[in-house]
Amino acid sequence: MIITVENLHKKFGSLEVLRGISCKVKEREVVCMIGPSGSGKSTFLRCLNLLESITSGKVIVNGHDLADPKTDINKVRAELGMVFQQFNLFPHMTVLQNVTMAPIKVLGTPKRKAAEKALQLLDKVGLGDKADVYPSKLSGGQMQRVAIARALAMNPKIMLFDEPTSALDPELVGEVLAVMQDLAREGMTMMVVTHEMGFAREVADRVIFIDQGVIVEEDTPANIFSNPRHKRTRTFLGKIIKGDGVQGQSG
Amino acid sequence: MGLDLNWGLAINALPLLLEGMKLTIIIAVVGLFFGFFLGAAAGLARTSKNKILSGIATIYVEAIRGTPILVQALYLYFGVNQVLIYALGWKIESVPAGILAIAINSGAYISEIVRGAIQSIEKGQVEAGRSLGLSSFKTFYYIVWPQAFKRMIPSLGNQFIISLKDTSLFAFIAVGELVRQGQIAIAVTFAAFEIYTVIAALYLLMTLPISIVLRHIERRLDVN
Ligand SMILES: Nc1ncnc2c1ncn2[C@@H]1O[C@H](COP(=O)(O)OP(=O)(O)O)[C@@H](O)[C@H]1O
Ligand SMILES: [Mg+2]
Numbered sequence: 001m002i003i004t005v006e007n008l009h010k011k012f013g014s015l016e017v018l019r020g021i022s023c024k025v026k027e028r029e030v031v032c033m034i035g036p037s038g039s040g041k042s043t044f045l046r047c048l049n050l051l052e053s054i055t056s057g058k059v060i061v062n063g064h065d066l067a068d069p070k071t072d073i074n075k076v077r078a079e080l081g082m083v084f085q086q087f088n089l090f091p092h093m094t095v096l097q098n099v100t101m102a103p104i105k106v107l108g109t110p111k112r113k114a115a116e117k118a119l120q121l122l123d124k125v126g127l128g129d130k131a132d133v134y135p136s137k138l139s140g141g142q143m144q145r146v147a148i149a150r151a152l153a154m155n156p157k158i159m160l161f162d163e164p165t166s167a168l169d170p171e172l173v174g175e176v177l178a179v180m181q182d183l184a185r186e187g188m189t190m191m192v193v194t195h196e197m198g199f200a201r202e203v204a205d206r207v208i209f210i211d212q213g214v215i216v217e218e219d220t221p222a223n224i225f226s227n228p229r230h231k232r233t234r235t236f237l238g239k240i241i242k243g244d245g246v247q248g249q250s251g
Numbered sequence: 252m253g254l255d256l257n258w259g260l261a262i263n264a265l266p267l268l269l270e271g272m273k274l275t276i277i278i279a280v281v282g283l284f285f286g287f288f289l290g291a292a293a294g295l296a297r298t299s300k301n302k303i304l305s306g307i308a309t310i311y312v313e314a315i316r317g318t319p320i321l322v323q324a325l326y327l328y329f330g331v332n333q334v335l336i337y338a339l340g341w342k343i344e345s346v347p348a349g350i351l352a353i354a355i356n357s358g359a360y361i362s363e364i365v366r367g368a369i370q371s372i373e374k375g376q377v378e379a380g381r382s383l384g385l386s387s388f389k390t391f392y393y394i395v396w397p398q399a400f401k402r403m404i405p406s407l408g409n410q411f412i413i414s415l416k417d418t419s420l421f422a423f424i425a426v427g428e429l430v431r432q433g434q435i436a437i438a439v440t441f442a443a444f445e446i447y448t449v450i451a452a453l454y455l456l457m458t459l460p461i462s463i464v465l466r467h468i469e470r471r472l473d474v475n
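Taken in sequence, the protein lines are chains P and L. If you read the first sequence in our numbering, its first letter stands for residue 1, the second for the next number, and so on. If you read the second sequence in our numbering, its first letter stands for residue 252, the second for the next number, and so on.
Listed below in structure tokens is the structure:
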């Protein structure tokens, strides 16, 4: 197991956002997380790289015990890639600098080598010609692909995606999902919070439905979409399919 | 007895005035140089989670912003010096006192500029840096500070102009800056209108270029 979570609780003050989450993720597995807004999906993902502290419970990521205060947080984070809904590219750096920064400053990779690798990654996400451009000149879909390349530049063992396409215009969603699908095909371990049901159906090995801070149901996409066991899952999926499900199917 | 303007007197006083102008610039530039570091330190302290650190910085900023710079300069040059002479037999001369006053005064305002700029950087920037494995220091140094500094430039330029004009008050602590030199010239020539006109023009000569450069920088920053 590359991720093991046991009875994870997270409180913000008196508000308990995660109320006992347990789950396991195998290497090379792609897990999609779905659930209503405010159910704790982002918080859960952020606990996995300690962007949020853990209130109680056990979280082992790539062999590191995150609840242990002696764990080197920066080392854990360097092994995990994270992609945000709002891209969070560094606006004062070119695309290339965005991608090379962490390898140079964290891993001590020589500049030339970091740049070579970055160009390869940019090619891979279809942006080899944008290396010297500043992020403000890119479309949302391009920015998100740069953000993916930036995370990949650290050679992560696991990639975390927090609604990577939710801030995109509908016509730009596909290009980002395509990059993620490639990544999954290459065997990257991925945890993806998404509303793109088409992507989850096609790419995920497993879908987890979270509601009000607990895992209500987890299953293969086939089962969960065609045959959800819990009423809450059915209600949620009903809403999604009616809302933007059609677009999700095509994504 | 008609009004008898004599611009020749002002022109004769020009070398003296230019000498004062030189001192004005030196005090402003050196004072602001130290003021920037003081302000950056205080601004960072105010964003710090450490209560003692942020408390000290807050007291400093409120004390300085709540009192006139003239009082600060008089306090330093006459007040503090009285104690220094008594205790150490030594005092701060007028020019260093002026530089110190500008540094301490501008530092308080600059700290607010620094704090505002740092807090204006989106939280996602820090999270992106941290999630890549950068330490909090590296995240600040490579990601937050460069962006924050860019946002500070217009306000820093503005503070430069304010502090430059503030040096005129140091005539009160015997600094031979532009106003003081003018007063000396007027005491001899009685050409108050002519000489104060020249003094005002010289201040504009210093501040206008800064304003113009700032406007250019602001426009360029807007484009990016
Ligand atoms: N830093 C925080 N401080 C306080 N409450 C928070 C914080 N982050 C998230 N929350 C709350 O936690 C709950 C779950 O949020 P989140 O994990 O973002 O949900 P989701 O990603 O599923 O929409 C929400 O009620 C949100 O308001
Ligand atoms: Mg969320």
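Ideal Cβ placement from N, Cα and C applies to all residues, glycine included.
Rounded distance between the beta-carbons of residue j and residue i, thought under 8 angstroms
i: I361 (chain L); j: G306 (chain L); result: Between G306 (chain L) and I361 (chain L) the Cβ distance is about 19 angstroms, and since that is not below 8 angstroms, they are no contact.
i: A429 (chain L); j: T275 (chain L); result: The sequence given here has Leu at residue 429 (chain L), not Ala. Sure, about 5 angstroms apart at Cβ, within 8 angstroms.
i: T309 (chain L); j: I353 (chain L); result: Rounded, the Cβ-Cβ distance is 21 angstroms, inconsistent with contact.
i: F161 (chain P); j: V99 (chain P); result: At roughly 17 angstroms, the Cβ-Cβ gap does not stay under 8 angstroms, so F161 (chain P) and V99 (chain P) are not in contact.
i: I278 (chain L); j: V331 (chain L); result: Not a contact, Cβ separation roughly 18 angstroms.
i: A442 (chain L); j: N301 (chain L); result: Their Cβ separation, rounded to whole angstroms, is 57 angstroms, which puts A442 (chain L) and N301 (chain L) out of contact at 8 angstroms.
i: K117 (chain P); j: A78 (chain P); result: Their Cβ separation, rounded to whole angstroms, is 15 angstroms, which puts K117 (chain P) and A78 (chain P) out of contact at 8 angstroms.
i: I215 (chain P); j: I224 (chain P); result: The Cβ separation is near 12 angstroms, so there is no contact.
i: G271 (chain L); j: S414 (chain L); result: 16 angstroms between Cβ atoms; not a contact.
i: I343 (chain L); j: L420 (chain L); result: Not quite, the Cβ-Cβ distance comes to about 16 angstroms (not below 8 angstroms), so this is no contact.
i: E217 (chain P); j: R229 (chain P); result: 6 angstroms
i: I446 (chain L); j: A264 (chain L); result: 6 angstroms
i: P221 (chain P); j: R201 (chain P); result: 5 angstroms
Three-state secondary structure (DSSP) of residue i
i: K300 (chain L); result: coil
i: E29 (chain P); result: coil
i: F90 (chain P); result: coil
i: H9 (chain P); result: strand
i: S250 (chain P); result: Unreliable placement is indicated for S250 (chain P), whose pLDDT of 38 sits below 50; no coordinate value is reported for it.
i: R431 (chain L); result: helix
i: T418 (chain L); result: helix
i: V83 (chain P); result: strand
i: M154 (chain P); result: coil
i: D182 (chain P); result: helix
i: K117 (chain P); result: helix
i: G384 (chain L); result: coil
i: I21 (chain P); result: strand
i: I2 (chain P); result: coil
i: L335 (chain L); result: helix
i: V133 (chain P); result: coil
i: D123 (chain P); result: helix
i: F161 (chain P); result: strand
i: S56 (chain P); result: strand
Interface residues of chain L facing residue i [CB-CB closer than 8 angstroms]
i: R77 (chain P); result: R381, S382, L383, G384
i: Q144 (chain P); result: Chain L residues near Q144 (chain P): none, gap ~12 angstroms exceeds 8 angstroms.
i: V51 (chain P); result: In the sequence under discussion, the amino acid at residue 51 (chain P) is Leu, which differs from the Val named in the question. Going along chain L in sequence order, the residues near L51 (chain P) (Cβ under 8 angstroms) are E378, R381, S382.
i: M154 (chain P); result: L383, G384
Check: residue i C-beta below 7 angstroms from any heavy atom of ligand 4
i: K11 (chain P); result: Ligand 4 is not part of the structure shown, which contains ligand 1 and ligand 2 as its ligands.
Beta-carbon spacing of residue i, residue j below 8 angstroms
i: M197 (chain P); j: Y393 (chain L); result: no
i: K26 (chain P); j: T4 (chain P); result: no
i: V193 (chain P); j: K10 (chain P); result: no
i: G140 (chain P); j: R19 (chain P); result: no
i: C47 (chain P); j: V59 (chain P); result: yes
i: L66 (chain P); j: P156 (chain P); result: no
i: A368 (chain L); j: R402 (chain L); result: yes
i: L183 (chain P); j: M159 (chain P); result: yes
i: V449 (chain L); j: G349 (chain L); result: no
i: F87 (chain P); j: M143 (chain P); result: yes
i: L177 (chain P); j: R381 (chain L); result: no
i: V280 (chain L); j: A293 (chain L); result: no
i: V17 (chain P); j: T43 (chain P); result: yes
i: I54 (chain P); j: L15 (chain P); result: no
i: S166 (chain P); j: Q97 (chain P); result: no
Contact list for residue i against chain P, beta-carbon separation under 9 angstroms
i: K300 (chain L); result: Going along chain P, no residue has its Cβ under 9 angstroms from K300 (chain L), so there is no contact; the nearest lies around 14 angstroms.
i: K401 (chain L); result: H92
Proximal residues of chain L, C-beta to C-beta of residue i below 9 angstroms
i: F84 (chain P); result: G375, E378, A379, S382
i: N227 (chain P); result: Correct list: empty, because the minimum Cβ distance to chain L is about 36 angstroms.
Listed by chain order, chain L residues near residue i by CB distance under 7 angstroms
i: N62 (chain P); result: Per Cβ cutoff of 7 angstroms: no residues; N62 (chain P) is ~13 angstroms from chain L at best.
i: N88 (chain P); result: G375, Q376, E378, A379
i: N223 (chain P); result: Within 7 angstroms Cβ-Cβ: nothing; N223 (chain P) doesn't reach chain L, min ~32 angstroms.
Contact list for the stretch 377 to 396 of chain L against chain P, Cβ threshold 7 angstroms: E378, A379, R381, S382, L383, G384, L385, S386, K389, Y393, I394
Chain L contacts from the stretch 100 to 125 of chain P (Cβ-Cβ distance under 7 angstroms): M101, A102, K105, V106
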